[in-house]
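I have placed the structure first, in the form of structure tokens, so that the comments after it can refer back to it.
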């Protein structure tokens, strides 16, 4: 555990600053500006949004360097970018570009089917996806400074995000009621580092901020993630695959701030045009489920 | 005394926890109505562009400015200082209540974020320094005559006071040192 390490504190510190904000996927400088003007707390620079990656297939890689730099030039908010799971070289390139956060992401085609990047050795903080507490704690053990539940990216369907948020929260609550003599067996069951399992049992939360992602298409979806314990929300395809991105982006930003105010959520949900079309996740084959990538 | 924390976006929970350690229960402020019930306000770290947009929607920009002009004590950290500054570079709207010029993200992107010692004025008590957690921090490039520097990173003022405004470009809420929050409470009680 390196929670007292100055570099790790500064990494988690940036994640703290992003709380209560929305992180939006963008593929051009123009989209990045729309996101910033709508109130995004950060943008994620991508070559294609997840819905297009899903539709077009092929290998999905780190965004082109020119595109990342163009987006960095265009906005003053933090710029994140994705590397493939286990792709240490893409991660080092993103660090050299001085992106503010690296998302080691299941949305891209994995480069390593056994290992993730050892993230403590980087100056740039990492965010990683999880479906359950064990996966979250393995990533934190490797050095992730922020966790996001995976959901099912590019689906426009919130069901997997809900499943993953509920699972993580339930597993955290379970740890807090276990007897200390039961924690090693639970660490074994979760396949998670024992010291981190103990930390969560004592504190009743993850040691890093816990955001939600994957399938957010409406202000109500974003508010639901907050109700289920997420501290902030990533929106991928949900904004720029909708019929009218700017008002939807503004509404989702406000929904994350005012998620406890249903009358406000009703008002925010008006006049937004059509959301992205969604997928029935139950009809996807296991190979089509992006959330199954990562280990 | 009711201390509010602007809870639109950012590390408002860290501020609430820091106040809680001093025995003060913080009230989250998300609307102009919510502001009416508080005696002092914390403007937290986060993204200033995001907070500006959400403040404008609520009419909180005008409401906060009116309260501060009427003497409400304020503690601002990092992005909060950008919100209060008279002049922001690169140019962006601000409340213009604190007579300083700031440059946003002046030390660089996240790779330049660091924990750096801050030297404190004797008024802050012992020890003479504290940990400064600087995250994509702004830099104060000019201070007006009514602005009193109380802490420095190398030669730069990073903790200042003007009347009942206390402003830090770093994040005391992310450390165990509660002197900056105590300064807000002392200002409010004075």
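Protein chains in written order, with my numbering: chain A, -1 to 293; chain B, 216 to 405.
Backbone N, C-alpha and C fix where the C-beta goes; we use that ideal spot for every residue, glycine too.
Where the beta strand (DSSP E) through residue i begins and ends
i              : result
residue 290(B) : 289 to 292
residue 304(B) : 300 to 304
residue 377(B) : 371 to 377
residue 354(B) : 354 to 358
residue 113(A) : Premise fails: residue 113(A) is in no beta strand (DSSP E) and is neither H nor E.
residue 309(B) : Residue 309(B) -> no beta strand (DSSP E), and no H or E assigned at all.
residue 222(A) : First-last for residue 222(A): 217 to 225, but that is the alpha helix (DSSP H), not the beta strand (DSSP E).
residue 232(A) : 231 to 233
residue 332(B) : 329 to 335
residue 293(A) : From DSSP, residue 293(A) is part of no beta strand (DSSP E); its letter is neither H nor E.
residue 365(B) : 363 to 368
Cα-Cα separation, residue i to residue j
i              : j              : result
residue 162(A) : residue 204(A) : 14 Å
residue 350(B) : residue 240(B) : 26 Å
residue 293(B) : residue 109(A) : 38 Å
residue 282(A) : residue 288(A) : 10 Å
residue 121(A) : residue 101(A) : 14 Å
residue 224(B) : residue 22(A)  : 15 Å
residue 91(A)  : residue 127(A) : 21 Å
residue 365(B) : residue 60(A)  : 45 Å
residue 344(B) : residue 395(B) : 12 Å
residue 46(A)  : residue 8(A)   : 30 Å
residue 293(A) : residue 112(A) : 7 Å
residue 247(B) : residue 271(B) : 10 Å
residue 55(A)  : residue 105(A) : 11 Å
residue 140(A) : residue 316(B) : 40 Å
residue 274(B) : residue 263(A) : 18 Å
residue 14(A)  : residue 272(A) : 32 Å
residue 370(B) : residue 240(A) : 50 Å
residue 64(A)  : residue 75(A)  : 18 Å
residue 20(A)  : residue 393(B) : 30 Å
residue 327(B) : residue 82(A)  : 24 Å
residue 276(B) : residue 336(B) : 31 Å
residue 374(B) : residue 77(A)  : 27 Å
residue 358(B) : residue 306(B) : 17 Å
residue 41(A)  : residue 34(A)  : 8 Å
residue 200(A) : residue 172(A) : 11 Å
residue 36(A)  : residue 71(A)  : 18 Å
residue 403(B) : residue 314(B) : 20 Å
Delimiting residues of the alpha helix (DSSP H) encompassing residue i
i              : result
residue 280(B) : 275 to 284
residue 50(A)  : 48 to 54
residue 87(A)  : 86 to 94
residue 9(A)   : 4 to 15
residue 243(A) : 243 to 255
Any non-hydrogen atom of the ligand MN closer than 7 Å to residue i Cβ
i              : result
residue 270(A) : Looking at this structure, you won't find the ligand MN or any other ligand, since it has none at all.
Test item: CB-CB of residue i and residue j under 8 Å
i              : j              : result
residue 169(A) : residue 226(A) : no
residue 324(B) : residue 367(B) : no
residue 379(B) : residue 288(B) : yes
residue 11(A)  : residue 386(B) : yes
residue 116(A) : residue 206(A) : no
residue 189(A) : residue 129(A) : no
residue 220(A) : residue 247(A) : no
residue 270(A) : residue 249(A) : yes
residue 276(A) : residue 154(A) : yes
residue 58(A)  : residue 25(A)  : no
residue 258(B) : residue 231(B) : no
residue 195(A) : residue 181(A) : yes
residue 318(B) : residue 353(B) : yes
residue 250(B) : residue 244(B) : yes
residue 94(A)  : residue 66(A)  : no
residue 213(A) : residue 261(A) : no
residue 30(A)  : residue 73(A)  : yes
Whole-angstrom C-beta distance between residue j and residue i, which should lie under 8 Å
i              : j              : result
residue 242(B) : residue 252(B) : 7 Å
residue 298(B) : residue 267(B) : 7 Å
residue 235(A) : residue 62(A)  : So it is not a contact: roughly 19 Å between Cβ atoms.
residue 89(A)  : residue 261(B) : That belief does not hold up - the Cβ atoms of residue 89(A) and residue 261(B) are roughly 26 Å apart, past 8 Å.
residue 389(B) : residue 348(B) : 5 Å
residue 218(B) : residue 255(B) : 5 Å
residue 52(A)  : residue 152(A) : 4 Å
Chain-ordered chain E contacts of residue i [CB-CB under 8 Å]
i             : result
residue 96(A) : Among the protein chains of the structure shown, namely A and B, there is no chain E.
Any residues in the segment 300 to 331 of chain B with a beta carbon nearer than 9 Å to a beta carbon of chain A? Which ones, in chain order?
Listed in sequence order: 305, 307, 319, 320, 323, 324, 325, 326, 327, 328, 329, 330.
Using a Cβ-Cβ cut-off of less than 8 Å, give me the residues of the segment 366 to 389 of chain B that come near chain A, in sequence order.
Listed in sequence order: 386, 389.
Residues within the segment 225 to 253 of chain A neighbouring chain B, beta-carbon criterion of under 9 Å:
Taking 9 Å as the Cβ-Cβ cut-off against chain B, the residues of the segment 225 to 253 of chain A that qualify are 229, 230, 248, 251, 252.
Using a Cβ-Cβ cut-off of less than 9 Å, list which residues of the segment 59 to 77 of chain A approach chain B; keep chain order.
70, 73, 74, 75, 76, 77
Residues of the segment 106 to 140 of chain A with Cβ closer than 9 Å to any Cβ of chain B, in chain order
Correct list: 121, 122, 123.
Determine which residues of the segment 2 to 25 of chain A have a Cβ less than 7 Å from any Cβ of chain B, and write them out in chain order.
So the list reads 4, 7, 8, 11, 12, 14, 15, 17, 18, 19, given in the order they occur along the chain.
Could you run through the segment 37 to 48 of chain A and flag, in chain order, every residue whose CB is less than 8 Å away from some CB of chain B?
37, 38, 39, 40
If the cut-off is 8 Å on Cβ atoms, which residues from the segment 226 to 254 of chain B count as contacting chain A, listed in chain order?
So the close ones are 226, 227, 228, 229, 245.
Counting only Cβ-Cβ distances shorter than 8 Å, please list the residues of the segment 255 to 274 of chain B near chain A, keeping chain order.
260, 261, 262, 264, 265, 268, 269, 272
What are the residues in the segment 253 to 287 of chain A lying within 7 Å of chain B by C-beta distance?
Residues 255, 256.
Of the residues that make up the segment 167 to 201 of chain A, which ones have a beta carbon closer than 8 Å to any beta carbon in chain B?
none
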